[in-house]
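If you want the numbering used here, it's the position in the sequence shown, counting the first as 1, plus 246.
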Amino acid sequence: MPVIRHAPLDRIGPATLYRIIRLRFEVFVHEQRIVCEPELDGRDLEPTTTLFWTEDDDEVVATLRVLADGPVAHIGRVATASSARGRGLASALLEAALATCRGDVEISAQAYLESWYGRFGFVRTGPGYVEAGIDHVPMRRAAAAHHPGITTSSG
247 MPVIRHAPLD RIGPATLYRI IRLRFEVFVH EQRIVCEPEL DGRDLEPTTT
297 LFWTEDDDEV VATLRVLADG PVAHIGRVAT ASSARGRGLA SALLEAALAT
347 CRGDVEISAQ AYLESWYGRF GFVRTGPGYV EAGIDHVPMR RAAAAHHPGI
397 TTSSG
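What follows is the structure, given as structure tokens:
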């Protein structure tokens, strides 16, 4: 099981933060060609935002963020390096993130991942839509108990 790390932005070392941002740019800007929505949207700086990541040989290979600025948390910016896909890293990150959320959780899921998110208890809550040129669906997961067996580490 991978070691999952999580922290607010101000508690992440500069080299690790650089690697997280670089991975997000590789996946969202270079791979998916999302250029109409700013990757650096300012939300990472909010004190209620927590970044999650896992590393392999000092490289960040998967990441996501939790925005917990209201009664419903929002998980987004889920990214896995192409070289690390198929190893269950995004699943481990998502489970770790969900374990820290006290209430309901929403996501704006890329439509092709709807059934994958469904494995974690997310259900579609409305019609599909296009965001940044990619089909998405709104999804929500009702509050749930902590998932045992997740190894997490802050910082």
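Every residue, glycine too, gets a C-beta built ideally from N, C-alpha and C.
The structure displayed is predicted, hence computed values, not measured ones.
For residue 384, the first and last residue of its enclosing alpha helix (DSSP H): Careful: residue 384 lies outside any alpha helix (DSSP H), inside the beta strand (DSSP E) at 380 to 387.
Residue 368 - DSSP class collapsed to helix/strand/coil: Looking at residue 368 - three-state DSSP - the assignment turns out to be coil, as it is neither helix nor strand.
Which class does residue 400 belong to by DSSP, given the choice of helix, strand or coil? With a pLDDT of 48 at residue 400, under the threshold of 50, the modelled position of this residue cannot be trusted; read the value that follows with caution. Strand.
Pick out whichever of 377, 373 and 385 has its Cα sitting closest to the Cα of residue 366. Checking every option, the nearest Cα to that of residue 366 belongs to 385.
Length of the line joining the Cα atoms of residue 364 and residue 264: Their backbone Cα atoms lie some 31 Å apart in a straight line.
Starting from residue 258, trace the beta strand (DSSP E) in both directions and tell me its first and last residue. For residue 258, there is no enclosing beta strand (DSSP E), since its DSSP letter is neither H nor E.
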